[in-house]
Amino acid sequence: NSLIPVIAIDGPTASGKGTVAHKVALRLGFHYLDSGALYRLTALSALRRETDLADEHALAKVAEHMQVNFDGAEILLANDNVSAAIRAEEVGNLASKIAALPAVRQALFAVQLGFRRAPGLVADGRDMGTVIFPHAKLKVFLTASTEARAQRRYKQLIDKGISANMEDLLSDLKARDDRDTHRAIAPLAPAEGAHILDTSNMTAEQAIEEVLSLYARRVPK
Ligand code: CDP
Ligand code: CDP
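What follows is the structure, encoded as structure tokens:
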């Protein structure tokens, strides 16, 4: 299992991790782990089960026992398609809070290792290179200016027909960055040996090509 290659892609919200990691996985024929979805699934599952949100141990049990299924682009909880439900604002907010609980992170640790399957894995999140896959073949810290990231979220919302306000987006983004960077456990930071890729002035396609070429240099065919 330790011979199966992993590409770890970490970075702040809206830096393009999901877009880039998913496409890189497709291009290489690798599996893809959206670790943020696991925190969102734990949050959704806890809400649905009416778990006591102040009970860290109970939340960790939810994380450990939930039946998650990633089926292509769809995410299933037991047999229920929750791809849209986990993206709700309420779920994202709860996810970011429970992500600060050590017992929850511990419970999701083993779940995440289980995604490492042949021929390889591209994993995206906040601590893929620092905590979950510290021996990843390639570690990328994907980032972009706060303004560029807010612009991306703005465009994503407008494209979906959801109205958005740039000032609110900027302040939400800064709050999320602050929480991710300053929490005591697994804070967001570039892993040792990570390649820092600032995509403020790059298209998603350019970022994908750059990650693929970094990987090709690490693993000459
Ligand atoms: O996963 P994360 O929150 O880091 O970002 P995402 O959900 O992949 O959203 C990034 C958005 O910015 C997507 O709509 C991309 O098409 C766009 N984008 C990008 O990912 N990378 C660039 N270099 C430029 C734009
Ligand atoms: O889309 P957004 O950037 O808001 O977050 P996400 O990638 O869907 O992850 C949801 C939440 O889980 C975030 O607020 C992160 O703080 C947290 N998370 C984490 O702590 N560790 C990870 N490896 C991935 C996500």
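So the sequence shown is residues 3 to 223, counted in UniProt numbering. For glycine and all other residues, C-beta sits at the position ideal for the given N, C-alpha and C. Owing to the predicted nature of the structure, the values given are computational and were not obtained by experimental measurement.
**Request:** Write down the C-beta distance between Thr15 and Asp179 rounded to the nearest angstrom, noting that I regard them as a contact closer than 8 Å.
**Result:** Here residue 15 refers to the residue found at position 13 of the sequence shown. Here residue 179 refers to the residue found at position 177 of the sequence shown. Between Asp179 and Thr15 the Cβ distance is about 7 Å, and since that is below 8 Å, they are a contact.
**Request:** Specify the secondary structure class of Asp129 as computed by DSSP and reduced to three states.
**Result:** Reading the sequence shown from its first residue, position 127 is the one you call residue 129. Asp129: coil per DSSP, three-state reduction.
**Asked** How do the region 98-115 and the region 161-174 stand: do at least 3 beta-carbon pairs fall below 8 Å, yes or no?
**Response** Too few Cβ pairs lie closer than 8 Å, so no.
**Asked** What beta strand (DSSP E) runs, 3 residues minimum, are completely inside the region 121-177?
**Response** Entirely contained in the region 121-177, the beta strand (DSSP E) runs reaching 3 residues are, in chain order, 123-127 and 140-145.
**Item:** Rounded C-alpha distance that separates Ala101 from Arg154
**Value:** If you number the sequence shown from 1, residue 101 lands on position 99. If you number the sequence shown from 1, residue 154 lands on position 152. So the alpha carbons of these two residues sit roughly 24 Å apart.
**Prompt:** Roughly how many angstroms lie between the CA atoms of Glu207 and Asp54, to the nearest whole one?
**Reply:** Against the sequence shown, residue 207 aligns to sequence position 205. Against the sequence shown, residue 54 aligns to sequence position 52. Glu207 and Asp54: Cα-Cα distance of roughly 43 Å.
**Neighbourhood of ligand 1 [Cβ distance below 5 Å to any heavy atom], ordered by chain position** = Any residue whose Cβ sits closer than 5 Å to a heavy atom of ligand 1 makes the list: Thr15, Ala16, Ser17, Gly18, Lys19, Gly20, Thr21, Arg154, Gln158, Thr201, Met204, Ala206 and Ala209.
**Item:** Three-way DSSP call (helix, strand, coil) for Val26 in this model
**Value:** Looking up residue 26 in the sequence shown gives position 24. In this structure, DSSP gives Val26 a helical state, which the three-state scheme calls helix.
**Asked** So what's Asn95 in DSSP terms, helix, strand or just coil?
**Response** Counting from one through the sequence shown, the residue named residue 95 turns up at place 93. For Asn95, the secondary structure class from DSSP, reduced to helix, strand or coil, is helix.
**Message:** Along the chain, where does the beta strand (DSSP E) containing Glu76 start, and where does it finish?
**Reply:** Translated into positions along the sequence shown, residue 76 becomes position 74. Glu76 to Leu79 is the extent of the beta strand (DSSP E) around Glu76.
**Three-state secondary structure assigned by DSSP to Phe32** = Position 30 of the sequence shown holds residue 32. DSSP places Phe32 in coil when its eight states are reduced to three.
**Message:** Less than 8 Å between the beta carbons of residue 1 and Ser37, yes or no?
**Reply:** A query on residue 1 cannot be resolved here, the shown segment of the chain reaching from 3 to 223 and no further.
**Request:** Verify whether the separation of the beta carbon atoms of Leu40 and Val84 is less than 8 Å.
**Result:** Mapped onto the sequence shown, residue 40 falls at position 38. Mapped onto the sequence shown, residue 84 falls at position 82. Contact flag unset, no.
**Asked** What residues match up with Phe72 in a beta bridge as DSSP calls it?
**Response** To locate residue 72, count along the sequence shown from 1; it is residue 70. The partner list for Phe72 (beta bridge, DSSP) reads Ile77.
**Request:** Please name the residue or residues paired with Leu199 in a DSSP beta bridge.
**Result:** Numbered from 1 along the sequence shown, position 197 holds the residue referred to as residue 199. In the DSSP assignment, Leu199 forms a beta bridge with Leu144.
**Asked** Quick one, are the C-beta atoms of Ile187 and Pro136 less than 8 Å apart?
**Response** For the purposes of this step, residue 187 is taken as residue 185 along the sequence shown, with counting starting at 1. For the purposes of this step, residue 136 is taken as residue 134 along the sequence shown, with counting starting at 1. For Ile187 and Pro136, no; Cβs fall outside 8 Å.
**Asked** Which of the three DSSP states, helix, strand or coil, is assigned to Val221?
**Response** Residue 221 sits at position 219 when you count from the first residue of the sequence shown. DSSP places Val221 in coil when its eight states are reduced to three.
**Asked** In the structure shown, what three-state DSSP assignment does Ile210 receive?
**Response** Your numbering for residue 210 matches position 208 in the sequence shown. Three-state DSSP puts Ile210 in a helix.
**Request:** Kindly indicate which residue of Leu43, Gly163 and Ile11 has the alpha-carbon position closest to the one of Leu216.
**Result:** Reading the sequence shown from its first residue, position 214 is the one you call residue 216. Of the listed residues, the one whose Cα sits closest to Leu216 is Ile11.
**Asked** Hey, does Gly94 have any beta-carbon neighbour from chain B nearer than 8 Å?
**Response** In summary, chain B is missing from the structure at hand, where a single protein chain is found.
**Asked** So does Gly122 have its beta carbon nearer than 7 Å to some heavy atom of ligand 2?
**Response** Translated into the one-based positions of the sequence shown, residue 122 becomes position 120. Because no heavy atom of ligand 2 lies under 7 Å away, the Cβ of Gly122 does not count as near it: no.
**Message:** So Leu159 and Ala152 are supposed to be a Cβ contact under 8 Å. How far apart are they, rounded?
**Reply:** The count along the sequence shown starts at 1 and reaches residue 159 at position 157. The count along the sequence shown starts at 1 and reaches residue 152 at position 150. Cβ-Cβ separation between Leu159 and Ala152: approximately 11 Å, too far for a contact (criterion under 8 Å).
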